[in-house]
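Participant: In order, the protein sequences belong to chains Y, B and E.
Under the working numbering, the residues of the first sequence are numbered 2 to 327, in order.
Under the working numbering, the residues of the second sequence are numbered 5 to 324, in order.
Under the working numbering, the residues of the third sequence are numbered 5 to 315, in order.
Got a structure for you, questions after.
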Amino acid sequence: MTSPKLLEVRNLRVEFPTRRGTLVAVDDVSLDIAAGEVLGVVGESGAGKSMTGAAIIGLLEPPGRIAAGEIRLEGRRIDNLPYNEMRKIRGRQIGAIFQDPLTSLNPLYKVGDQLIETILTHLPLTQAQARDRAVKLLEDVGIPSASERINHYPHQFSGGMRQRVVIALALAAEPKLIIADEPTTALDVSIQAQIITLLKRLCREHGTAVMLVTHDMGVIAETADRVAVMYAGRIAEIGPVQDVIKRPHHPYTIGLMGAIPTMTHKVERLTQIDGSMPRLNAIPKGCAFNPRCPKAFDRCYRDRPDPMPAGNSLAACWLVEEKAHV
Amino acid sequence: MVQAVLVMLAVAFIAFTMFNFVGDPVAIMAGQDLPAEQRVELRKTLGLDDPTPVRFARFVANAAQGQFGLSYRTTEPVGRMILDRLPATLELSLIAVLVALVIGIPMGVFSGLYPHHWISRAMMTVSLIGISLPTFLIGILLILIFAVMLGWLPSFGRGDTVKIGFWTTGFLTVSGWKAIILPSITLGLFQMTLIMRLVRSEMLEVLRTDYIKFARARGLTNRAVHFGHALKNTLVPVITITGLQLGSIIAFAIITETVFSWPGVGLLFLQSVQAVDIPVMAAYLVLIGLLFVLINLIVDVLYFVVDPRLRSQGAKAGAK
Amino acid sequence: MMLPFARVVEFWRQTTDSDLFWSFKRSKLVMVSAVITVLFFIMAFGAPYLAPHNPFDLASLELSDAFKPPAWEEGGEMKYLLGTDDQGRDLLSTIMYGSRISLVVGFLSVIFAMVLGIGLGLIAGYVGGPVDGLIMRIADVQLSFPAILIALLVDGVSRGILGEARHSDIAEAVLVVAIGLSYWVQYARTVRGSVLVEKNKEYVQAARVIGLPGPLIALRHVLPNVMGPVLVIATINLALAIITEATLSFLGVGLPPTEPSLGTLIRIGNDFLFSGEWWITIFPGVVLAALVLSVNLLGDWLRDALNPKLR
């Protein structure tokens, strides 16, 4: 990791005050993304991965809030910016793609108008220039006869085509980072691969970094440079994608890898992790994974582990320390 | 359209049934001491002796031409009576709707955007009071303050009116404008609170949608997000409710017209209910039914304009 | 087997722990409106014992006492705290009796509408087909006509059928029917929707296989599910029914002056507004507004508390 850091997240903590006490949705999360790098973030639903993404672009839904930590974009702190300052960063520096393309586009506006609106908000162009750019963007994301389609409404596009439009919108002002929150989950399986390939190609061409939030390890393995595995609001393991997949350190990651079918290894049967992730209001003392961990020992019930070096990765597990001592 | 015809038929049927089976109009009109011959004469004039099918056919045919026979109470033609008074009610309702929309929508937008702002809370509380206060009470309070105590505005009637063709308008005179202020506020206040609350809850709903989140994520300005994207999407339900409420504004005009002695169809209807003047009641019912159907058609057309999804569906249906 | 006392404690604990109670405690406004509502009930139904005068006892009325202003105004007497009306009736007592009539008519018409609506909703949902179509079509058409108009029509028609004299004798019953008929639609829609959902669930199918009669199943299983929404509709409709009754009485087609509800009192007072006797209108008006407002607040709170989605 010698390339300059584009995004640095340090000790991020996101809280949701509820009437039954405060829920910690993201707990002490630190991660970096270098320019042009693809960071995959995996975890079960509720693990805090989408929440981390929302915190980075400053769109946590109230009452959720950043309680501690800091977020820096190219060294500049962005987590405490006034609304309007942050707004200028959104779309221009950090783009976003959400899960459901069917609901991401305003049904009452033509896709062209939504594109032009975004372009004009961030770039000093004339209406006509913005329009040309919009057509170009639609062509880039593989929408046939773009100059005609630009006048269509979202409901006239299929799901996959709409997600292409969403990607075009996210790239409209050439952001340096895109936060893609489960960009393919709502799509047909046959289309998922196309969209991922498209996203990968475009980001490579534009040099855009991506934080790819998903629960699909397959997508990560194919796309990401590095991967962060999240569990119950914390990072369980983070490292280069090949290391995490081939030599996972955290028992949770090991379990996760056991659940992926592969072509190269002959596996008798896919394993699964017993139990389910604790609810945010009932996270156990010590390591959050301890109730499900096959290798848990007494310290795991007592202290909460922070990510510590394990090979090329970081893993939040006391076993790593044990091994290091041995 | 089928629905519209069905509604009109149902309304006509109810009106006709009322006509036929309720009360003895002769007794009501003439009292007990009318001689028998005159009684028969009157029955003939009113056409009450014909067999039911004939009367039914005549009712529908006449209703289609806007003729509902003679009023039991005044023996004037009902169609005329209603036509004479319709402009007063329509002008009142128009101003009331404008008041409701022009004040209600901005208030709703504000309290939807800033639900925790103290102004929003104040508006919600006031709107709850607005919903809780019966219309007639609001009218009385306004009269007490602005007519009795301050003496600024008239408390009854339309002021001076100008006749243009069959239409009498109060919009061309100062006293006409002065006279319409209190009644239109009274009539519009309830709708205003309703529209405000509706816009607010729709706004809150829309602001939670993905496309608003995505619009924010694209860095659009607040103004574009709120007034471009959110407001337009709240318009569809607002149009529906406003449309439906138009019908009820005309009905609520009954109360307002009574409080302010406004010479419209509502007051006429009320007098007819008290006097069991069935032809006027029936005609009023048909009129309201007609307005309801017309308003529904207009609302459908507006949908079409606002929502492109319906437009392409309509085109498809048209192609078939 | 729990001891009775332990059961009570358990019940209390469950109640105080429930979301409903939590949101109740949280809102001072709701507590205040609950207190006001309860006070109204005491005032209205205790009127014969609490009221300083009996306004219906014609013997005690003296016309010389007419138009007395409230006690604190010049010419007022302590005997008539809020003043008197045009017939010399004590306004405070008349208001107490009047709110009793308003509440009774309100409650009865809500119950009437509820029974009618639930019944028709069950039938529509359970029988389905053309019956359902007919009932729901009627509901659609009626919903587009304002309740007050329907109530006026029912009132006018009944006046025509019954004749003026008999109409005033049973004015209260006519009002209940007229208001009830204008507010049944919401119940019917709610219940029908719920029946349609429940009808296809397995336990209903199973019950049918065992041979339990269909309508009974619908009633037993559907009713508990819709009680929440029905209660909310009923509370909000109570406020509406009270307003409707007051409006009809104000328009002069509701209760006669011999049996004055709050609306009738306001109507009476309205004639004297310009001659300076403001209290005959204003006091019943304030009472009416307070009553409706507190019932509305309770309804609002109940709706939010029972519908977590809106919270």
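Yeah, the Cβ is synthetic: ideal placement off N, Cα and C, and Gly gets one too.
#1: Grab me the residues of Y/S4's own chain with a C-beta within less than 8 Å of its C-beta, minus the 5 sequence neighbours each way, in chain order.
#2: Assess, as a yes-or-no matter, whether the region 194–201 of chain B is touched by the region 233–251 of chain B under the definition of 3 or more beta carbon pairs within less than 8 Å.
#3: Do you know whose CA, among B/I292, B/Y307 and B/I299, lies nearest E/F149's CA?
#4: At a Cβ threshold of 9 Å, is B/A319 touching chain Y?
#5: List the residues of chain Y that B/A257 touches, going by C-beta distances under 8 Å, in chain order.
#6: By alpha-carbon positions, which one of Y/Q193, Y/L106 and Y/T215 ends up nearest to Y/C163?
#7: Taking C-beta pairs closer than 7 Å, name the residues in chain B that E/T285 reaches, listed in chain order.
#8: Determine which residues share a DSSP beta bridge with Y/G41 and list them.
#9: May I ask you to list the residues that DSSP assigns as paired with B/T177?
#10: Give every residue of the same chain whose Cβ lies closer than 7 Å to the Cβ of Y/D29, excluding the five residues on either side of it in the sequence, and list them in chain order.
#11: Does the pairing of the region 108–119 of chain Y with the region 130–137 of chain Y give three or more beta-carbon distances under 8 Å?
#12: Using a Cβ-Cβ cut-off of 8 Å (strictly less than) and excluding sequence neighbours within five positions of B/I199, which residues of its own chain qualify?
#13: Would you list, in chain order, the members of the region 125–149 of chain E that have their beta-carbon closer than 9 Å to a beta-carbon of chain B?
#14: State yes or no: is the beta carbon of B/V203 nearer than 9 Å to at least one beta carbon in chain E?
#15: Does DSSP classify B/E261 as helix, strand or coil?
#16: Do three or more CB pairs link the region 265–283 of chain B to the region 152–161 of chain E at distances below 8 Å?
#17: Considering only DSSP beta bridges, list what E/W283 is partnered with.
#18: Can you pull the chain B residues whose beta carbon is under 8 Å from the beta carbon of E/D159, in chain order?
#19: Using the beta-carbon of each residue, which ones in chain E are nearer than 9 Å to B/L148?
#20: In whole angstroms, what is the alpha-carbon distance linking E/A238 and E/F44?
#21: Excluding the five sequence neighbours on either side, which residues of its own chain have a C-beta within less than 7 Å of the C-beta of Y/K6, listed in chain order?
#22: How about Y/E183 and Y/V214: do their beta carbons lie closer than 9 Å?
#23: Are three or more beta carbon pairs between the region 202–215 of chain B and the region 177–193 of chain B nearer than 8 Å?
#24: Which first and last residues belong to the beta strand (DSSP E) in which B/V166 is found?
#25: Taking beta-carbon pairs under 8 Å, can you tell me which members of the region 202–230 of chain Y lie near chain B?
#26: Could you list which residues in chain B have their beta carbon closer than 7 Å to that of Y/K89, in chain order?
#27: Can you tell me whether DSSP reads Y/E322 as helix, strand or coil?
#28: Output the distance between the C-alpha atoms of Y/R248 and Y/D226, rounded to the nearest integer angstrom.
#29: Quick check: is the beta carbon of B/S188 nearer than 9 Å to any beta carbon in chain E?
#30: Quick one: residues in its chain with C-beta nearer than 7 Å to the C-beta of B/L295, no 5 flanking neighbours on either side, listed in chain order?
#31: Where does E/M47 sit, in a helix, a strand or coil, going by DSSP?
#32: Give the interface partners of E/A243 over in chain B, defined as CB-CB distance under 8 Å, in chain order.
#33: If you draw a straight line from the alpha carbon of B/D214 to that of Y/Q100, how long is it in whole angstroms?
#34: Return no unless some Cβ of chain Y is closer than 9 Å to the Cβ of B/P312.
#35: Can you tell me whether Y/N282 is buried or exposed, with buried defined as 16 or more other CB within 10 angstroms of its CB?
#36: Can you list, in chain order, the residues of its chain whose CB lies under 7 Å from that of E/L314, leaving out five sequence neighbours each side?
Facilitator: This is what the structure gives:
#1: As a first step, residue 4 of chain Y must be located in the first sequence, where it is residue number 3. In this prediction, Y/S4 has a pLDDT of 49, which is less than 50 and means its spatial position is unreliable; nothing more can be read from the coordinates.
#2: yes
#3: Within the third sequence, the letter at position 145 stands for residue 149 of chain E. Closest by alpha carbon: B/I292.
#4: Indexing the second sequence from 1 puts residue 319 of chain B at position 315. Model confidence at B/A319 stands at a pLDDT of 48, short of 50, so the residue's coordinates are unreliable and nothing is read from them.
#5: The residue you call residue 257 of chain B lines up with position 253 of the second sequence. What B/A257 touches in chain Y: nothing, since even the nearest Cβ is about 34 Å away.
#6: Position 162 of the first sequence holds residue 163 of chain Y. Contrary to the premise, residue 163 of chain Y reads as Arg rather than Cys in this sequence. When each option's Cα is compared against that of Y/R163, the closest is Y/L106.
#7: Within the third sequence, the letter at position 281 stands for residue 285 of chain E. Neighbours of E/T285 on chain B, chain order: I144.
#8: Position 40 of the first sequence, counted from the start, is the residue given in the question as residue 41 of chain Y. BP columns for Y/G41 point to Y/L213 and Y/V228.
#9: Residue mapping note: residue 177 of chain B aligns to position 173 of the second sequence, counting from 1. None; B/T177 has no bridge partner.
#10: Sequence index remark: in the first sequence, residue 29 of chain Y carries index 28 (1-based). Scanning its chain for C-beta atoms nearer than 7 Å, with the 5 sequence neighbours on each side dropped, one finds around Y/D29 the residues N12, R14 and R235, in chain order.
#11: yes
#12: As a position in the second sequence, residue 199 of chain B is number 195, starting the count at 1. Same-chain partners within the cutoff: A104, L105, G108, I109, G112, V242, I245, T246 and Q249.
#13: R141, I142, D144, V145, L147, S148 and F149
#14: Numbered from its first residue, the second sequence carries residue 203 of chain B at position 199. B/V203 does not count as touching chain E.
#15: As a working mapping, residue 261 of chain B is identified with position 257 in the second sequence. B/E261: helix per DSSP, three-state reduction.
#16: yes
#17: Here residue 283 of chain E is taken as the residue at index 279 of the third sequence, counted from 1. BP columns for E/W283 are empty, so no partner.
#18: Here residue 159 of chain E is taken as the residue at index 155 of the third sequence, counted from 1. The answer, in chain order, is V277.
#19: For the purposes of this step, residue 148 of chain B is identified with residue 144 of the second sequence, where counting begins at 1. B/L148 reaches chain E at L277, W282, T285 and I286, counting residues in chain order whose Cβ is nearer than 9 Å.
#20: Locating residue 238 of chain E in the third sequence gives position 234, counting from the first residue. Locating residue 44 of chain E in the third sequence gives position 40, counting from the first residue. Rounded to the nearest whole angstrom, the C-alpha separation of E/A238 and E/F44 is 18 Å.
#21: By one-based count along the first sequence, residue 6 of chain Y stands at place 5. The residues are D33 and A35.
#22: For the purposes of this step, residue 183 of chain Y is identified with residue 182 of the first sequence, where counting begins at 1. For the purposes of this step, residue 214 of chain Y is identified with residue 213 of the first sequence, where counting begins at 1. Yes.
#23: no
#24: In the second sequence, counting from the first residue as 1, residue 166 of chain B sits at position 162. Looking at the DSSP string, the run of the beta strand (DSSP E) that includes B/V166 is V166 to I168.
#25: none
#26: Numbered from its first residue, the first sequence carries residue 89 of chain Y at position 88. Correct list: G223.
#27: Numbered from 1 along the first sequence, position 321 holds the residue referred to as residue 322 of chain Y. Reduced to three states, the DSSP call for Y/E322 is helix.
#28: On the first sequence, residue 248 of chain Y is found 247 positions in, with the first residue counted as 1. On the first sequence, residue 226 of chain Y is found 225 positions in, with the first residue counted as 1. Cα-Cα distance, rounded: 15 Å.
#29: The residue given as residue 188 of chain B occupies position 184 in the second sequence. Closer than 9 Å: no.
#30: Looking up residue 295 of chain B in the second sequence gives position 291. Only G251 and I254 meet the Cβ criterion.
#31: Against the third sequence, residue 47 of chain E aligns to sequence position 43. Correct three-state label for E/M47: helix.
#32: The residue given as residue 243 of chain E occupies position 239 in the third sequence. S136, listed in chain order.
#33: Within the second sequence, the letter at position 210 stands for residue 214 of chain B. Within the first sequence, the letter at position 99 stands for residue 100 of chain Y. When rounded, the distance between both Cα atoms is 9 Å.
#34: Counted from its first residue, the second sequence places residue 312 of chain B at position 308. Cβ-Cβ to chain Y under 9 Å: yes for B/P312.
#35: Residue 282 of chain Y sits at position 281 when you count from the first residue of the first sequence. Label assigned to Y/N282: exposed.
#36: Walking along the third sequence from the start, residue 314 of chain E turns up at place 310. Unreliable placement is indicated for E/L314, whose pLDDT of 39 sits below 50; no coordinate value is reported for it.
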